[in-house]
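So the sequence lines, in the order shown, correspond to chains B and R.
Just so you know, we're using my numbering here: the first sequence kicks off at 1 and counts up by one.
Just so you know, we're using my numbering here: the second sequence kicks off at 167 and counts up by one.
In this text, a Cβ means the ideal position worked out from N, Cα and C, and glycines have one as well.
Remember, it's a predicted structure, so these values are computed and weren't measured experimentally.
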Amino acid sequence: MSGDLWRDALTLALLLVGALLSLAAGVGLLRFDDHIQRLHAQSKPQSAGLLFILIGLALQQTGWATAAMLLPVLVFQFLTTPTAAHMLARGGYRSRHFDDAVLHVDELEHDVDRAQRAEDAEQAREDAELAREAAEHEALGDAPGGAAGEGAGSDRGQGDGVAGRE
Amino acid sequence: MTPELITVAAWAIGAVFAVGALLALVRVVRGPSIVDRMAGSDTLLTILICVLVTEMAINRHTTTLPLVIALAMTASIGTLSVARFVSRGRRSHHDER
Chain B
1 MSGDLWRDAL TLALLLVGAL LSLAAGVGLL RFDDHIQRLH AQSKPQSAGL LFILIGLALQ
61 QTGWATAAML LPVLVFQFLT TPTAAHMLAR GGYRSRHFDD AVLHVDELEH DVDRAQRAED
121 AEQAREDAEL AREAAEHEAL GDAPGGAAGE GAGSDRGQGD GVAGRE
Chain R
167 MTPELITVAA WAIGAVFAVG ALLALVRVVR GPSIVDRMAG SDTLLTILIC VLVTEMAINR
227 HTTTLPLVIA LAMTASIGTL SVARFVSRGR RSHHDER
């Protein structure tokens, strides 16, 4: 510590606030019921707590150069924390790790259902297309002459493709 | 401030951090699903960054600053990859190949 009374007191206060936010994150992680609520408690110290603690460290530094080195830490944390929380919430939603009984409105469900239906329809269309092509090749395979070998060869290829999809 | 007071404050801050990290660790161990465990381990890593910075502030040095920057840059990679893996629950073209 620098020995300057007010600077040290302010630094310790900021560090304590950051530590308390970390504690709040731990308590929230343990006490909240489902995954989405836990994410809410989890992202608090990641941005606010780290901000307070970095200000506390910057107060103890005399030169601007070392204090400026703290800026990338904050920038990277502010960039990556929301991304990670968003991806975790998305994964938790898609794998049904949340309590949907307490949700009054779930607007995402409709969109996810619609996307799933569109994807299924496209898959069915592709399957039908492949089946039609396989049937055509089979019909070609019945023809006599040089076309038979070629048709059988590509028929086997298509057959493998269909089997791989199913 | 007297050195004794600063030492007491440092121990108090460290104790608060330790309890927070312990609670996050309990969630990692207990967490019913993989996403809960990842939320807990993400919190644990952030608390580690905070502890490193706090130690620098109290002892007035910048030795671990490169470590803190590297941790802040890479902390979310593990969380992102696991979340991406979990999100792939739906049937898609890539899953079937």
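For the candidate residues B:Leu12, B:Gln37, B:Ala84, B:Ala41, whose alpha-carbon lies nearest to that of B:Ala58?
When only C-alpha atoms are compared, the closest one is B:Leu12.
To the nearest angstrom, how far is it from the Cα of R:Arg250 to the Cα of R:Ala184?
Taking the straight line joining both Cα atoms gives about 30 Å.
Mind checking the region 220-248 of chain R against chain B and listing, in chain order, the residues whose C-beta falls within less than 8 Å of any C-beta there?
So the close ones are Thr220, Met222, Ala223, Ile224, Arg226, Thr228, Leu231, Val234, Ile235, Ala238, Met239, Ala241, Ser242, Thr245, Leu246, Val248.
Which residue from R:Glu221, R:Met204, R:Thr229 puts its Cα closest to that of R:Ala178?
Selected option, being the one with the closest Cα: R:Glu221.
If we define contact as Cβ-Cβ less than 8 Å, is B:Leu10 a contact residue for chain R?
It does not: the Cβ of B:Leu10 has no partner Cβ on chain R nearer than 8 Å.
Starting from B:Ala41, trace the alpha helix (DSSP H) in both directions and tell me its first and last residue.
Start and end: 35-44.
Can you tell me whether DSSP reads R:Thr230 as helix, strand or coil?
Of the three classes helix, strand and coil, the one that applies to R:Thr230 here is coil, per DSSP.
Starting from R:Arg193, follow the alpha helix (DSSP H) in both directions and report where the run begins and ends.
Unbroken alpha helix (DSSP H) run through R:Arg193: 169-196.
Pick helix, strand or coil for R:Arg250, following the three-state DSSP scheme.
Here R:Arg250 sits in helix by DSSP.
So, using beta-carbon positions, are R:Thr209 and R:Ala241 closer together than 8 Å?
No, the Cβ-Cβ distance between R:Thr209 and R:Ala241 is not below 8 Å.
Considering only the beta carbon of each residue, do B:Ala41 and B:Phe52 sit closer than 8 Å?
No, the Cβ-Cβ distance between B:Ala41 and B:Phe52 is not below 8 Å.
Measure from the alpha carbon of B:Leu108 to the alpha carbon of each residue in B:Ala67, B:Glu138, B:Gly92, B:Thr62, then state which is nearest.
Nearest of B:Ala67, B:Glu138, B:Gly92, B:Thr62 to B:Leu108, Cα basis: B:Gly92.
Since B:Leu54 and B:Leu70 should fall inside the 8 Å C-beta cutoff, what is the C-beta to C-beta distance between them, to a whole number of angstroms?
Rounded, the Cβ-Cβ distance is 5 Å, consistent with contact.
Name the two residues that bound the continuous alpha helix (DSSP H) containing R:Asp208.
Counting along the chain, the alpha helix (DSSP H) containing R:Asp208 begins and ends at 200-225.
Give the C-beta separation of R:Ile243 and B:Val73 to the nearest angstrom, bearing in mind that I take them to be a contact with Cβ-Cβ under 8 Å.
At roughly 16 Å, the Cβ-Cβ gap does not stay under 8 Å, so R:Ile243 and B:Val73 are not in contact.
Give the interface partners of R:Arg250 over in chain B, defined as CB-CB distance under 7 Å, in chain order.
Per Cβ cutoff of 7 Å: Met87.
Check B:Thr167 in the structure and name its three-state DSSP category.
Outside the displayed range of chain B (1 to 166) lies residue 167 of chain B, so it cannot be described from this structure.
Helix, strand or coil for B:Ala29 per DSSP?
In the sequence under discussion, the amino acid at residue 29 of chain B is Leu, which differs from the Ala named in the question. In the structure shown, B:Leu29 sits in a helix (DSSP, three-state: H, G or I).
Excluding five sequence neighbours on each side, which residues of the same chain lie with their C-beta closer than 6 Å to the C-beta of B:Ala67?
Counting only Cβ-Cβ distances below 6 Å, and skipping sequence neighbours, we find Ala58, Gln61.
Report the CB separation of R:Cys216 from B:Ser43 in whole angstroms; it is logged as a contact under 8 Å.
About 14 Å; that fails the 8 Å criterion.
Short of 7 Å in beta carbon distance, which residues of its chain neighbour B:Arg38, apart from the five on each side in sequence? Order them along the chain.
Excluding sequence neighbours, B:Arg38 sits near Gly28, Leu29, Phe32.
Determine, using beta carbons only, whether R:Leu214 comes closer than 8 Å to chain B.
It does not; no Cβ of chain B falls within 8 Å.
Does the Cβ of R:Gly186 have 16 or more other Cβ atoms within 10 Å, making it buried, or fewer, making it exposed?
Buried is the call here.
Less than 6 Å between C-beta atoms, sequence neighbours within five positions excluded: which residues of the same chain meet that for B:Gly18?
Excluding sequence neighbours, B:Gly18 sits near Gly49, Phe52, Ile53.
Note down, in chain order, every chain R residue with its Cβ under 7 Å from the Cβ of B:Gln77.
Within 7 Å Cβ-Cβ: Ala238.
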